[in-house]
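Heads up: the sequence shown runs through residues 716 to 796, numbered per the numbering used here. A virtual CB, placed ideally from N, CA and C, is assigned to each residue, including glycine.
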Amino acid sequence: MRITLTLDEDVYRKLVSETCWTGRSFREVVNEHLRRSLVAAKPAERRNPFCVNARSMGLRPGVDVSNIEQLLDKLDPPARR
Numbered sequence: 716m717r718i719t720l721t722l723d724e725d726v727y728r729k730l731v732s733e734t735c736w737t738g739r740s741f742r743e744v745v746n747e748h749l750r751r752s753l754v755a756a757k758p759a760e761r762r763n764p765f766c767v768n769a770r771s772m773g774l775r776p777g778v779d780v781s782n783i784e785q786l787l788d789k790l791d792p793p794a795r796r
């Protein structure tokens, strides 16, 4: 199959260089690199979604949520603010 492809100059030079030292045609070198790239880029297999079963653990003994200042002091003591 024929196709027109615009290559960056550095990519073109590397491909031409490879044709020189391997003795293969430009078409063979380009096809080999495209095949390798396509195999490496195949999508990852689908996995089952990660599931978490959450449950209520309630409040710790001694924690009074009705007094927000006291609760904040327990979480971050005033000396450290």
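Collapsing the DSSP output to three states places A756 in coil. In the three-state DSSP reduction, V731 falls in the helix class (H, G or I). In the three-state DSSP reduction, F765 falls in the coil class, being neither helix nor strand. Segment contact: the segment 744-763 against the segment 777-790, fewer than three CB-CB distances shorter than 8 angstroms; contact not assigned. Excluding five sequence positions before and after F741, the CB atoms of its chain that fall closer than 6 angstroms to its own CB belong to T734, given in chain order.
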